[in-house]
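A short write-up of the structure that comes next.
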Amino acid sequence: MRWNIGLTGLTTFMSGRPLIASADVQQGTYNVTIKPLNSSVTDSTGPLANLLPQMNEIQQWTLFGMGLLIVSLLGLLIKLWWQSRQQTKEQS
50 MRWNIGLTGL TTFMSGRPLI ASADVQQGTY NVTIKPLNSS VTDSTGPLAN LLPQMNEIQQ
110 WTLFGMGLLI VSLLGLLIKL WWQSRQQTKE QS
């Protein structure tokens, strides 16, 4: 249980968002509920809002842009490889 609370604290520190935590203790079991405060940071409308709601809009657009760049570079690499492969077949 301590590592779980430590991980939550680390996540809170890294994200910079304050969290409200409450616990209900009954018969030796722990039910921990953690809710973020309602703020403009949590109400994001970025391209990945449904997939990554814990990220703000700028972080989502940055991640989306990086993913788009990686896919574009991969497509370019495949295109260059395919052209090189066709030239090698023609020369054979």
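If you count the sequence shown from 1, position 83 lands on 132 in the working numbering, and the numbers rise without skipping. A virtual CB, placed ideally from N, CA and C, is assigned to each residue, including glycine.
Over what stretch of residues does the alpha helix (DSSP H) that includes residue i continue unbroken?
i	result
G95	Neither: G95 is in no alpha helix (DSSP H) and is coded neither H nor E.
M115	106 to 140
Would residue i and residue j qualify as a contact pair, given that the criterion is a beta-carbon distance under 7 Å?
i	j	result
L122	Q109	no
E106	G116	no
Suppose the cutoff is 8 Å on Cβ atoms and the five residues either side in sequence are ignored; what does the same chain contact list for residue i look like?
i	result
M104	S93, G95, L97, L112
Q132	none
Leaving out five residues before and five after residue i in sequence, what residues of the same chain have Cβ atoms less than 6 Å from its Cβ?
i	result
I127	none
For residue i, which residues from the same chain have a beta carbon less than 7 Å from its beta carbon, with the 5 sequence-adjacent residues on both sides left out?
i	result
I119	none
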